[in-house]
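Asks: Mind the numbering: the sequence shown is residues 248 to 506 in the working numbering, read in order. Idealized CB from N, CA, C, for every residue including glycine.
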Amino acid sequence: MTWHGATGAPLTHEAESLLVSRNGGVLRLPEKLLTGQEVFLRRQRGPDDWKAAHARIVAEIDHDPDGFLYAIAILDLRVDFWDIDFPHPSHSADALARLLMECSFCLRREVCYLNELELKSFEARRCIARLCKHCEAPSIWVEARESRADDGSARELELPMNDKLQPRRNRTRIKARVLACIRQRGFQEEVAVCEDLSRGGIAFRSRNHYPEGTRLEVAVPYTPGNSAIFVPIRIVSSRPIPTAGLFRHGAAYVSAPSD
248 MTWHGATGAP LTHEAESLLV SRNGGVLRLP EKLLTGQEVF LRRQRGPDDW KAAHARIVAE
308 IDHDPDGFLY AIAILDLRVD FWDIDFPHPS HSADALARLL MECSFCLRRE VCYLNELELK
368 SFEARRCIAR LCKHCEAPSI WVEARESRAD DGSARELELP MNDKLQPRRN RTRIKARVLA
428 CIRQRGFQEE VAVCEDLSRG GIAFRSRNHY PEGTRLEVAV PYTPGNSAIF VPIRIVSSRP
488 IPTAGLFRHG AAYVSAPSD
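1. Buried or exposed for His260, going by 16 or more other Cβ atoms inside 10 Å?
2. Mind checking which residues open and close the alpha helix (DSSP H) that includes Lys367?
3. Excluding the five sequence neighbours on either side, which residues of its own chain have a C-beta within less than 8 Å of the C-beta of Leu322, listed in chain order?
4. State the Cα-Cα distance for the pair Ile480 and Val501, rounded to the nearest angstrom.
5. Check whether the stretch 311-328 and the stretch 344-358 are in contact - that is, three or more C-beta pairs closer than 8 Å.
6. Thinking C-beta only, is Leu346 closer than 8 Å to Leu444?
7. Would you mind reading off the limits of the beta strand (DSSP E) that contains Lys422?
8. What residue from Leu266, Phe333, Phe451, Ile421 has the CA that sits closest to Ile507's CA?
9. In three-state DSSP terms, what is Lys279?
10. On the DSSP bridge assignment, give the partners of Thr359 in chain order.
11. In or out: Leu364 buried (at least 16 other Cβ within 10 Å) or exposed?
12. For Val389, which residues from the same chain have a beta carbon less than 7 Å from its beta carbon, with the 5 sequence-adjacent residues on both sides left out?
13. Rounded to a whole number of angstroms, what is the C-alpha to C-alpha distance between Val478 and Cys382?
14. Round the Cβ separation of Trp425 and Pro471 to the nearest angstrom and send it over; I've been treating them as touching at under 8 Å.
15. Thinking C-beta only, is Phe369 closer than 8 Å to Pro468?
16. Alpha carbon to alpha carbon, how far is Val358 from Phe328?
17. Please classify Val440 as buried or exposed, where buried requires at least 16 other C-beta atoms within 10 Å of its C-beta.
18. Can you check whether the CB of Gly283 is closer than 8 Å to the CB of Ile319?
19. What beta strand (DSSP E) runs, 3 residues minimum, are completely inside the stretch 272-333?
20. Whose C-beta lies closer than 7 Å to the C-beta of Pro487 among residues of the same chain, with five residues either side of it excluded?
21. Tell me the residue span of the beta strand (DSSP E) that contains Tyr500.
22. Nearest to Cys379 by CA position, among Ile331, Lys367, Ala423, is which residue?
23. Along the chain, where does the beta strand (DSSP E) that runs through Ala450 open and close?
24. So, with DSSP's three-state summary, where would you put Ala475?
25. From the DSSP output, in three-state form, read off His251 for me.
26. Looking only at DSSP bridge pairs, what is Glu263 linked to?
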């Protein structure tokens with residue numbers, strides 16, 4: 248990342264991307280920047296291949312021992328800075344799960360909304376078959392890994408949602424034993440076991456008790472060490488499992504905007 252300091256001289260420092268979205272993200276930087284400040288981003292995709300974009304600091308949202316966390320917005324919306332295809336949120340109506348996946352041929356990355364058949368395929372084989380728009384042919388897609396050389400160090404992806412719970416109609420529940428990552432602001436992330444999924448929500452077992460109405464974020468399926476897609480949920484039921492020392496929770500997704 249490059250920006251101009253108080254003297255007008257250009258300053259360059261490596262930043263860590265913590266979250267990415269279609270037109271922005273959250274970066275960690277040890278330097279103090281101002282809201283509204285413009286910066287120049289470069290992301291290495293290969294030994295001699297770089298992607299660049301101009302961006303603006305939207306806000307300083309937090310800080311930790313490693314630096315300051317900034318929300319940034321990419322100024323030119325035509326620039327595909329992250330090399331990830333983000334589907335429109337309205338396409339999530341039939342989704343049971345969401346994963347960052349890559350084509351095994353061209354390595355193009357895409358946020359994939361998985362239906363029942365695709366989820367079962369991923370659960371059994373850790374891959375799915377789908378059409379690659381870049382290859383213009385069917386191909387095998389696998390979960391994208393952070394260790395790829397051209398990765399932007401992004402740990403999470405953000406899908407915009409609103410504050411309306413999805414209706415309960417047409418909720419066929421699918422039994423699936425997959426891991427889920429539960430996140431609550433101010434608390435440590437928890438890896439839980441998801442028991443079933445539907446288009447409207449999930450059921451999972453947890454060591455923690457989340458009262459009804461609690462707002463959380465969940466990534467499901469979840470593979471530790473890989474990029475995760477978190478979406479907001481609200482707890483709608485919570486029951487103890489005394490024999491196991493756990494709690495069984497039912498949660499509803501917060502629906503995506505319709506336009």
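Replies: Straight from the coordinates:
1. exposed
2. 363-372
3. Glu285, Ala300, His301, Ala302, Arg303
4. 5 Å
5. The stretch 311-328, when compared against the stretch 344-358, does not touch it at the 8 Å Cβ threshold.
6. If you check the CB distance, Leu444 and Leu346 do not come in under 8 Å.
7. 421-430
8. Here the chain has residues from 248 to 506 only, and residue 507 is not among them.
9. coil
10. For the record, residue 359 in the displayed sequence is Cys; it is not Thr. In DSSP, Cys359 forms a bridge with Leu346.
11. exposed
12. Met348, Glu349, Ser351, Arg373, Cys374
13. Their Cα atoms are separated by approximately 29 Å.
14. Checking the sequence, you will find Val at residue 425 rather than Trp. No, Val425 and Pro471 are not in contact; Cβ-Cβ is about 13 Å, not under 8 Å.
15. yes
16. Val358 and Phe328: Cα-Cα distance of roughly 15 Å.
17. It counts as exposed.
18. No, Cβ-Cβ distance for Ile319 and Gly283 is not below 8 Å.
19. Qualifying beta strand (DSSP E) stretches, in chain order: 285-293, 296-311, 314-321.
20. Counting only Cβ-Cβ distances below 7 Å, and skipping sequence neighbours, we find Phe494.
21. 493-500
22. Ile331
23. 448-453
24. strand
25. strand
26. Arg275
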